[in-house]
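The structure appears below as structure tokens.
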Amino acid sequence: MNAMWSLQLALCTLSALSLSSAGESKARSCNEVRQAYSAKGFSLLNVPHQEISGEHLRVCPQGYTCCTSEMEDKLNQQSKVEFEDLVKEKSHIMRTTFITGHKKFDAIYCPEYPKDEIIHSSSAVLH
């Protein structure tokens, strides 16, 4: 969830900074967007210095914007990686609990154990 929130926040920031000049015919500087994008650790090679037409974009504003399709792709990829890492981290406890329960179940009901031990183990667990 944090990763998705990060992407939404980054895109909203880029959008807000890009939309700040809506209605003006003169292209505005993209310095603020460049700083925000750079702060996320990305290269500024594909970030315009002045607003460009965004009609080809999927997420960023389609009017005049400082966002490029390369920027959208990089932010999307970063968000995906962050989201997957977060899911792995948060699901680790659940996986560990499941594996532990599975091992206990196998230890109690595994056919390799004598029946007396299975009955004793299951009654101890159930009481």
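Convert by adding 1492 to the 1-based position in the sequence shown; the result is the number in our numbering. Virtual Cβ for every residue (Gly too), placed ideally from N, Cα, C.
Query: Sorted by chain position, which residues of the same chain lie with C-beta nearer than 7 Å to E1516's C-beta, five sequence neighbours on each side aside?; Result: With a pLDDT of only 49 at E1516, under the threshold of 50, the placement of this residue in the model should not be trusted, and no figure is reported.
Query: With 16 other CB atoms within 10 Å as the buried threshold, where does V1446 fall?; Result: The question about residue 1446 has no answer here: the residues shown for the chain are numbered 1493 through 1619.
Query: So who's on the other strand from I1600, going by DSSP bridges?; Result: Its beta-bridge partners do not exist; DSSP assigns none.
Query: Should the stretch 1524–1539 be regarded as contacting the stretch 1554–1563, the criterion being three or more beta carbon pairs within less than 8 Å?; Result: yes
Query: How should C1602 be labelled, buried or exposed, when 16 other C-beta atoms within 10 angstroms of its C-beta is the threshold for buried?; Result: exposed
Query: In three-state DSSP terms, what is S1571?; Result: helix
Query: Let me know the secondary structure DSSP gives S1535 once reduced to three states.; Result: coil
Query: Report buried or exposed for G1546, applying the criterion of at least 16 other Cβ atoms within 10 angstroms of its Cβ.; Result: buried
Query: Given F1597, which residues of its chain have a CB within under 8 Å of its CB, disregarding the five upstream and five downstream residues?; Result: none
Query: Using the rule of at least 16 other Cβ atoms within 10 Å of the residue's Cβ for burial, across every protein chain shown, is E1581 buried or exposed?; Result: exposed
Query: Which class does Q1542 belong to by DSSP, given the choice of helix, strand or coil?; Result: strand
Query: May I have the straight-line CA-CA distance separating L1537 from I1585, to the nearest angstrom?; Result: 41 Å
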